[in-house]
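Undergrad:
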Amino acid sequence: MSEQESTQGSLMVIGAHAGDAENMAGGVVLKHTRAGYRATIVHMTLGEAGHSSLPPERYALQRQEEVKESARLMGAGVVWLPYRDGELPADEEAKLRVCDLIRKEKPDLILTHWKGSIHKDHTATHQIVQDAVFYAALPSIRRELPAHRVRGIYYPENWEDMDGWQADIYLDVSDIWDEYLDMLRSHELMRGGISSFRYLDYYDALGTLRGCLGGFRKAAAIMAPGSWVRRIKGFWNLR
Ligand SMILES: [Zn+2]
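Read left to right, the sequence shown gives residues 5 to 243 (my numbering).
Structure below.
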């Protein structure tokens with residue numbers, strides 16, 4: 005079985021709003037897909053409520069096109085769920101829906117929002133993913149597809165999720181950085197004019213900042229799970 009067909013190393017990124025997965029994890033996704041690994045982007049909502057002049061139903065259609073284009077540029081699959089921006093419920097229905105997606109796509113690793121967020125949809129997504137990963141691995145949760153165990157949940161850096169977040173891993177993304185910025189530009193929100201937040205400036209500068217700290221030209225920082233355990237034969241081998 006080739007690496008492409010294997011689930012080993014495959015990635016699922018679960019974001020609350022269209023654009024979240026792209027800005028917080030686009031660099032990681034590009035590294036994975038360019039190395040031949042599968043990636044799937046899941047948007048819990050389309051983030052359709054935030055446009056200053058378009059009504060949500062019109063902006064939702066634009067966002068569908070934007071997430072399809074950004075997924076194409078990353079070489080990733082894309083799914084969006086039918087929840088409304090600002091009203092994402094952290095309920096059993098949502099958790100089982102994500103459980104089913106995990107069993108279908110069989111990701112090895114999941115990236116999602118850290119819980120310390122200023123946005124309620126981000127904290128809801130965090131809660132949904134924790135339980136969905138648990139349900140997906142549990143054979144006694146009987147669904148259409150058999151159980152699948154995810155190897156780990158990781159938390160990439162998002163400007164809205166910084167309460168208690170810390171940089172545990174620095175990933176060198178220097179080689180795909182221009183592709184990352186081009187991919188972000190496929191979203192009107194990132195290009196500017198909708199939000200007062202300067203997305204492109206922030207994430208470009210963040211790549212430089214993390215690069216300085218991580219020892220690369222550009223880096224993406226990722227928080228590792230709290231239960232991170234290292235198994236070593238000698239303390240002198242600690243990395
Ligand atoms: Zn968001």
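Backbone N, C-alpha and C define an ideal beta-carbon position, used for all residues, glycine too.
#1: If you follow the beta strand (DSSP E) that residue 113 is part of, which residue opens it and which one closes it?
#2: Could you tell me if the beta carbon of residue 91 falls within a distance shorter than 8 angstroms of some heavy atom in ligand 1?
#3: Check for me: the beta strand (DSSP E) holding residue 85 runs from which residue to which?
#4: From residue 206 to residue 150, what does the alpha carbon distance come to, in whole angstroms?
#5: What first and last residue would you give for the beta strand (DSSP E) that runs through residue 93?
#6: Does the Cβ of residue 51 lie closer than 8 angstroms to at least one heavy atom of ligand 1?
#7: Give the secondary structure of residue 143 by DSSP, where H, G and I count as helix, E and B as strand, and everything else as coil.
#8: Taking the alpha-carbon of residue 53 as reference, which of 80, 238, 199, 74 has the nearest alpha-carbon?
#9: Does the Cβ of residue 219 have 16 or more other Cβ atoms within 10 Å, making it buried, or fewer, making it exposed?
#10: Expressed to the nearest angstrom, what Euclidean distance is found between the alpha-carbon atoms of residue 124 and residue 165?
#11: Please give me, in chain order, every unbroken run of the alpha helix (DSSP H) with length at least 4 that falls completely inside the region 203 to 231.
#12: Taking residue 146 as the reference, which of 156, 101, 20 has the closest Cα?
#13: Just to check, is the beta-carbon of residue 21 closer than 8 angstroms to a non-hydrogen atom of ligand 1?
#14: Cβ-heavy atom distance between residue 126 and ligand 1 below 8 angstroms?
#15: Report the option in 184, 113, 202 whose CA atom is closest to the CA atom of residue 152.
#16: On the three-state DSSP scale, how would you describe residue 55?
#17: Whole angstroms is fine: what's the gap from residue 27's alpha carbon to residue 184's?
#18: For residue 37, name the three-state secondary structure that DSSP assigns.
#19: Provide the residue(s) that pair with residue 159 in DSSP beta bridges, ordered along the chain.
#20: With distances taken from CA atoms, which of 134, 222, 107, 209 is nearest residue 11?
#21: Would you check whether ligand 2 has a heavy atom nearer than 8 angstroms to the C-beta of residue 179?
#22: Excluding five sequence neighbours on each side, which residues of the same chain lie with their C-beta closer than 8 angstroms to the C-beta of residue 168?
#23: So what does residue 16 bridge to, in DSSP terms?
TA: So, to answer that:
#1: To locate residue 113, count along the sequence shown from 1; it is residue 109. Where residue 113 is concerned, the enclosing beta strand (DSSP E) stretches over 113 to 116.
#2: Counting from 1 along the sequence shown, the entry for residue 91 is found at position 87. Answer for residue 91: no, Cβ out of range of ligand 1.
#3: Counting from 1 along the sequence shown, the entry for residue 85 is found at position 81. Where residue 85 is concerned, the enclosing beta strand (DSSP E) stretches over 81 to 87.
#4: For the purposes of this step, residue 206 is taken as residue 202 along the sequence shown, with counting starting at 1. For the purposes of this step, residue 150 is taken as residue 146 along the sequence shown, with counting starting at 1. Rounded to whole angstroms, residue 206 to residue 150 spans 41 angstroms at the Cα level.
#5: Here residue 93 refers to the residue found at position 89 of the sequence shown. It is not in any beta strand (DSSP E) - residue 93 carries neither H nor E in the DSSP assignment.
#6: By one-based count along the sequence shown, residue 51 stands at place 47. Correct: residue 51 has its Cβ closer than 8 angstroms to ligand 1.
#7: Residue 143 sits at position 139 when you count from the first residue of the sequence shown. Residue state, collapsed to three classes: coil.
#8: Working through the sequence shown from its first residue, we reach residue 53 at position 49. Checking every option, the nearest Cα to that of residue 53 belongs to 199.
#9: Sequence index remark: in the sequence shown, residue 219 carries index 215 (1-based). By the neighbour-count rule (16 or more Cβ atoms within 10 Å), residue 219 is not buried but exposed.
#10: Locating residue 124 in the sequence shown gives position 120, where the first residue counts as 1. Locating residue 165 in the sequence shown gives position 161, where the first residue counts as 1. One C-alpha to the other measures close to 10 angstroms.
#11: 203 to 218
#12: Translated into positions along the sequence shown, residue 146 becomes position 142. Nearest C-alpha to residue 146: 101.
#13: The residue labelled residue 21 in the question sits at position 17 within the sequence shown. Within the cutoff, so yes.
#14: As a working mapping, residue 126 is identified with position 122 in the sequence shown. Yes, Cβ of residue 126 sits closer than 8 angstroms to a heavy atom of ligand 1.
#15: Here residue 152 refers to the residue found at position 148 of the sequence shown. Nearest option by C-alpha distance: 113.
#16: Within the sequence shown, residue 55 is the residue found at index 51, counting from 1. In this structure, residue 55 counts as coil in the three-state DSSP scheme.
#17: As a first step, residue 27 must be located in the sequence shown, where it is residue number 23. As a first step, residue 184 must be located in the sequence shown, where it is residue number 180. Cα to Cα, residue 27 sits roughly 9 angstroms from residue 184.
#18: Numbered from its first residue, the sequence shown carries residue 37 at position 33. Looking at residue 37 - three-state DSSP - the assignment turns out to be helix.
#19: The residue given as residue 159 occupies position 155 in the sequence shown. Note: residue 159 sits in a beta bridge opposite 227.
#20: For the purposes of this step, residue 11 is taken as the residue at position 7 of the sequence shown. Nearest of 134, 222, 107, 209 to residue 11, Cα basis: 107.
#21: Ligand 2 is absent from the structure shown, which contains only ligand 1.
#22: Position 164 of the sequence shown holds residue 168. These residues qualify, in order along the chain: 118, 119, 120.
#23: Start at 1 with the first residue of the sequence shown, and residue 16 comes out as number 12. Residue 16 pairs with 44, 114.
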